[in-house]
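Engineer: Protein chains in written order, with the numbering used here: chain A, 1 to 197; chain B, 1001 to 1197; chain C, 2001 to 2197; chain D, 3001 to 3197. Glycine is no exception: its CB is placed at the ideal position from the N, C-alpha and C atoms. It should be emphasised that the depicted structure is a prediction, and the values quoted were computed from it without experimental measurement.
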DNA sequence: ACTTAAGCGAGACGGTACGTCCCGTCTTAAG
DNA sequence: CTTAAGACGGGACGTACCGTCTCGCTTAAGT
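Printed below as a string of structure tokens:
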């Protein structure tokens, strides 16, 4: 049944300690001042224990990320039936988080991790706390006829995430109303034309 | 005119050697495997000469960047009179560059630099080779009536750059036609009013 | 028994390599052109390994010294029964060594080390290869009645070592017969009483 | 007449400033923590001005020494007519100076300079403030019949200086009465024998 | 007066070594 | 077989000085 042969099992306590410490130090000092040695010391764990289970610093951070230890749990986009309002609300919340001075350093560090670690990059949306719920919601809206059939959702979502990243990198908070304007661009109201039929 | 009083002048030769070597090694090895010591050795310069004039590795790279030593000179956006076509052409070229396997590592490294160095981040567009010509072109188009008056240009440009970054981080080249779809979203055709025949 | 609990033991191989290299380079280049970095490189050892176990260059040299790696093993003073002759023989040998051109640089370097390192200084006699056997021999001679009871041995030994150092510092080899004259001064023949004759 | 051709003469002010600063910093920090750059900065002088006139740090210190800027002016040995008492008095004063904690570091540094600089070494006695007056006095005493004709003065003086150096290197102040005992050894009273002519 | 050479403060330069930090691997003793 | 501890070879850091050089200026001696 178990395919493990013998000897001690992996210590869950050590694993948790490492991940918790990583998250703590990452938030505190950022990615590049994060050191394996520092994590080991702070977590009361041997360096080798870290190297045994994780290949690199970025993998370690990646695991933290995917376990939700670095960012607030995914913001669930609201669902009031009006997709544009909902998306604006959600994007405003995202901007508010990423633009807050106490968070922007952390977010920039996450961008660095995404640049260095392929799996973090590939799941960039999830990495930044953008739930798949968002896509789900958009798909649903499309089916419900809230959005025109041909709306390029992939491009829209990329643009949303991209704009957040750009703001963080530029050290320029989103201008007031930016979320609304952006959503207006990406999910345009269909022309109201004389809907005769 | 010169307000320098005494002492030898800064050696332009050393400055050039350092910047050239930095650009070369950056392109070759990426940002995090770039070392001050390596640059000094390769440039035939004392480490202290680097530390005398640049505070950090990222400043050094920033100067390379702003002198156009890391990226091809700004791509001039075409001007055929059709702003949407022109922008699509330009964006396709951008995607083609960033998505090329031999460039994507470099671009990811640049994102890291933008994350670490404030001035690079603030000039993110210039850093990525996005000329101010682009904005100029857009402004001109707006005045010429090619674009509706209220078009949120800032948001549009942020979105363009953002999408490119997202692709690079996600290791996912832009899908065919992405440029066109994106431009279509960001610069929508004004509804063609029932303009008398 | 060992009170060490965990972790790899100190590498004796590294320790030996460091000390051997130190002795070699010290003899070759003298104290002030001896560098930790040079020792590490030549010994095939990481710098940190040196810093882990020795606080300073002078400590390193001190350990070499006390392990007899820098000087010929202590010259054993002869014991023919005639303390004055024996001491003269020994002192001549000492002068011969310190005054030899190929050794005087090394001896001067040792004086420098004695000046910089307290423990070397405190054991100056041993540092210069002056065996405790010498003092032993003198004590024995005193007890045996070869020397008058009140002879200030400490002062005499200090003077012997001092004179050797002075010669080395002055770059002036001991004059012929200096050893004999000096011993004559320091261990004077007791006045030959009017012994029945 | 002067064989200097033309151009500005050597600045005496700079020379003095350098020597004064050297003396000050030498006393303050010792020989090995003395730096040319530190001297130049503190003296308000260009480094090149130092290198123009002195070949090395040790030469600089040597000049200070020989100008009497590092040690109290030579202690003049007293002359009461009793050479042994006079010498004891003088030696006690020497020991008192070299053994004082605030001076011993300086004296050790001087020994280092003597080891590194030949001319300082050769004039070791003068370097340590041992005036030629001492030898003069001894010669006079010999001629005056205070000392036996054959007394090896050279060896005696070397021994005196040597003992002082040994004490300083050993970090062991001279024992009380050491001066007297030592003088007793080196300048023994001639046997009072029945001088029956 | 004009030229020329030297001295000077300042400081940039190529270089060497410093002592520290961290890497990733290996060794030891305990469980 | 895992773990905490920790030594190891290695590489880069940022700093301190080295001794040389160049700069713009001043100070004399020659012309």
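1. Let me see if you follow: with CB-CB separation under 8 angstroms, is residue 2036(C) close to chain D or not?
2. Output yes or no for whether 8 angstroms exceeds the beta carbon distance between residue 3167(D) and residue 3174(D).
3. Does the beta-carbon distance from residue 27(A) to residue 60(A) come in below 8 angstroms?
4. Answer yes or no: does any C-beta atom of chain D fall closer than 8 angstroms to that of residue 2186(C)?
5. Curious, which full-length beta strand (DSSP E) runs of at least 3 residues does the region 57-122 of chain A contain?
6. Would you mind sorting residue 55(A) into buried or exposed? The rule is 16 or more other CB atoms within 10 Å of its CB.
7. Looking at the C-beta of residue 2092(C), does it have a partner C-beta in chain D at a distance below 8 angstroms?
8. Is there at least one Cβ from chain B nearer than 8 angstroms to residue 29(A)'s Cβ?
9. Assign residue 3033(D) to buried or exposed, taking buried as 16 or more other Cβ atoms, counted over all protein chains shown, within 10 Å of its Cβ.
10. Below 8 angstroms on the Cβ atoms is my guess for residue 3187(D) versus residue 3087(D); work out the distance and round it to an integer in Å.
11. Would you mind telling me which residues of chain A sit closer than 7 angstroms to residue 1169(B), beta carbon to beta carbon, in chain order?
12. If you compare alpha carbons, which of 2081(C), 2024(C), 2031(C) and 2042(C) is closest to residue 3116(D)?
13. Would you report the Cα separation of residue 16(A) and residue 53(A), rounded to the nearest angstrom?
14. Indicate whether residue 3019(D) and residue 3067(D) have their beta-carbon atoms separated by less than 8 angstroms.
15. Are the Cβ atoms of residue 107(A) and residue 114(A) separated by less than 8 angstroms?
16. Taking 8 angstroms as the threshold (C-beta atoms), are residue 3110(D) and residue 3131(D) in contact?
17. Going along chain B, which residues have a C-beta under 8 angstroms from residue 162(A)?
18. Would you check if the distance between the CB atom of residue 2184(C) and the CB atom of residue 3163(D) is smaller than 8 angstroms?
19. So residue 2054(C) is in the alpha helix (DSSP H); what residue range does that whole segment cover?
20. Can you list, in chain order, the residues of its chain with a C-beta nearer than 7 angstroms to that of residue 3190(D)? Leave out the 5 residues immediately preceding and following it.
21. Do you know whose CA, among 178(A), 157(A), 143(A) and 140(A), lies nearest residue 1155(B)'s CA?
22. Counting C-beta neighbours from all protein chains within 10 Å, is the total for residue 1040(B) 16 or more, i.e. buried, or is it exposed?
23. Is residue 3035(D) helix, strand or coil when you go by DSSP?
24. In terms of alpha-carbon separation, which member of 2099(C), 2122(C) and 2124(C) lies closest to residue 2170(C)?
25. Can you find a C-beta in chain D that's less than 8 angstroms from the C-beta of residue 2189(C)?
26. Could you list which residues in chain C have their beta carbon closer than 7 angstroms to that of residue 3152(D), in chain order?
27. Taking 8 angstroms as the threshold (beta carbon to beta carbon), is residue 1141(B) in contact with chain A?
28. My understanding is that residue 1079(B) touches residue 1137(B), with C-beta atoms under 8 angstroms, so please give their C-beta distance in whole angstroms.
29. Does the Cβ of residue 2034(C) lie closer than 7 angstroms to at least one heavy atom of the ligand NAD?
30. Could you pull out every residue in the same chain whose Cβ sits closer than 6 angstroms to the Cβ of residue 21(A), ignoring the five residues on either side in sequence?
31. Output yes if chain A places a C-beta closer than 8 angstroms to the C-beta of residue 1108(B); else output no.
32. For the alpha helix (DSSP H) that contains residue 143(A), what are its first and last residues?
33. Note down, in chain order, every chain C residue with its Cβ under 9 angstroms from the Cβ of residue 3178(D).
34. Taking the alpha helix (DSSP H) that residue 127(A) falls in, what are its first and last residues?
35. Would residue 2046(C) be called buried (16 or more neighbouring beta carbons within 10 Å of its own) or exposed?
36. Could you pull out every unbroken beta strand (DSSP E) segment of at least 3 residues lying fully inside the region 3167-3191 of chain D, listed in chain order?
Structural biologist: Here's the rundown:
1. One-based indexing of the third chain puts residue 2036(C) at position 36. Chain D, which has no Cβ nearer than 8 angstroms to the Cβ of residue 2036(C), makes this no.
2. Sequence index remark: in the fourth chain, residue 3167(D) carries index 167 (1-based). Sequence index remark: in the fourth chain, residue 3174(D) carries index 174 (1-based). Cβ distance < 8 angstroms, so residue 3167(D) and residue 3174(D) count as in contact.
3. For the purposes of this step, residue 27(A) is identified with residue 27 of the first chain, where counting begins at 1. For the purposes of this step, residue 60(A) is identified with residue 60 of the first chain, where counting begins at 1. It is not a contact, given that the beta carbons lie outside the stated cut-off.
4. The residue you call residue 2186(C) lines up with position 186 of the third chain. By this cut-off, residue 2186(C) is an interface position.
5. none
6. Reading the first chain from its first residue, position 55 is the one you call residue 55(A). That one is exposed.
7. By one-based count along the third chain, residue 2092(C) stands at place 92. It does not: the Cβ of residue 2092(C) has no partner Cβ on chain D nearer than 8 angstroms.
8. Reading the first chain from its first residue, position 29 is the one you call residue 29(A). No - not a single Cβ of chain B is within 8 angstroms of the one on residue 29(A).
9. Within the fourth chain, numbered from 1, the residue matching residue 3033(D) stands at position 33. Per the 10 Å Cβ criterion, exposed.
10. Working through the fourth chain from its first residue, we reach residue 3187(D) at position 187. Working through the fourth chain from its first residue, we reach residue 3087(D) at position 87. About 7 angstroms separates the two Cβ atoms, so the contact holds.
11. Counting from one through the second chain, the residue named residue 1169(B) turns up at place 169. Simply 114, 115, 121 and 124.
12. Here the question's residue 3116(D) lines up with position 116 in the fourth chain. Nearest option by C-alpha distance: 2031(C).
13. As a working mapping, residue 16(A) is identified with position 16 in the first chain. As a working mapping, residue 53(A) is identified with position 53 in the first chain. Distance between the alpha carbons of residue 16(A) and residue 53(A) is about 12 angstroms.
14. As a position in the fourth chain, residue 3019(D) is number 19, starting the count at 1. As a position in the fourth chain, residue 3067(D) is number 67, starting the count at 1. Taking 8 angstroms as the Cβ cut-off, residue 3019(D) and residue 3067(D) qualify as a contacting pair.
15. For the purposes of this step, residue 107(A) is identified with residue 107 of the first chain, where counting begins at 1. For the purposes of this step, residue 114(A) is identified with residue 114 of the first chain, where counting begins at 1. No, the pair does not count as a contact, with Cβ atoms beyond the cut-off.
16. Mapped onto the fourth chain, residue 3131(D) falls at position 131. Mapped onto the fourth chain, residue 3110(D) falls at position 110. No, these two residues do not count as a Cβ contact at 8 angstroms.
17. Taking the first chain and counting its residues from 1, the one referred to as residue 162(A) is at position 162. Result: 1158, 1159, 1161, 1162, 1163, 1164, 1165 and 1166.
18. As a first step, residue 2184(C) is located in the third chain; it is residue number 184 there, counting from the start. As a first step, residue 3163(D) is located in the fourth chain; it is residue number 163 there, counting from the start. No.
19. By 1-based counting over the third chain, the position of residue 2054(C) is 54. From DSSP, residue 2054(C) is part of no alpha helix (DSSP H); its letter is neither H nor E.
20. As a first step, residue 3190(D) is located in the fourth chain; it is residue number 190 there, counting from the start. Excluding sequence neighbours, residue 3190(D) sits near 3148.
21. By one-based count along the second chain, residue 1155(B) stands at place 155. Residue 1155(B) has its Cα closest to that of 178(A), out of 178(A), 157(A), 143(A) and 140(A).
22. Against the second chain, residue 1040(B) aligns to sequence position 40. Burial call: buried.
23. Counted from its first residue, the fourth chain places residue 3035(D) at position 35. If DSSP states are grouped into helix, strand and coil, residue 3035(D) belongs with coil.
24. As a working note, residue 2170(C) is residue 170 in the third chain. With distances taken between Cα atoms, residue 2170(C) lies closest to 2099(C).
25. For this step, residue 2189(C) is matched to residue 189 along the third chain. No, residue 2189(C) lies away from the interface with chain D (no Cβ there is under 8 angstroms from its Cβ).
26. Position 152 of the fourth chain, counted from the first residue, corresponds to residue 3152(D). Ordered by position in chain C, the residues that pass the 7 angstroms Cβ test against residue 3152(D) are 2181 and 2185.
27. For the purposes of this step, residue 1141(B) is taken as residue 141 along the second chain, with counting starting at 1. So no, residue 1141(B) is outside the interface.
28. Counting from 1 along the second chain, the entry for residue 1079(B) is found at position 79. Counting from 1 along the second chain, the entry for residue 1137(B) is found at position 137. With a Cβ gap of about 6 angstroms, residue 1079(B) and residue 1137(B) count as contacting.
29. Looking at this structure, you won't find the ligand NAD or any other ligand, since it has none at all.
30. Along the first chain, one-based indexing puts residue 21(A) at 21. Around residue 21(A): 39, 42 and 43.
31. In the second chain, the residue the question calls residue 1108(B) occupies position 108. By this cut-off, residue 1108(B) is an interface position.
32. Start at 1 with the first residue of the first chain, and residue 143(A) comes out as number 143. 132-143 is the extent of the alpha helix (DSSP H) around residue 143(A).
33. As a first step, residue 3178(D) must be located in the fourth chain, where it is residue number 178. Here the neighbours are 2152, 2154, 2155 and 2158.
34. One-based indexing of the first chain puts residue 127(A) at position 127. Where residue 127(A) is concerned, the enclosing alpha helix (DSSP H) stretches over 124-127.
35. The sequence position of residue 2046(C) within the third chain is 46, counting from 1. Exposed is the call here.
36. none
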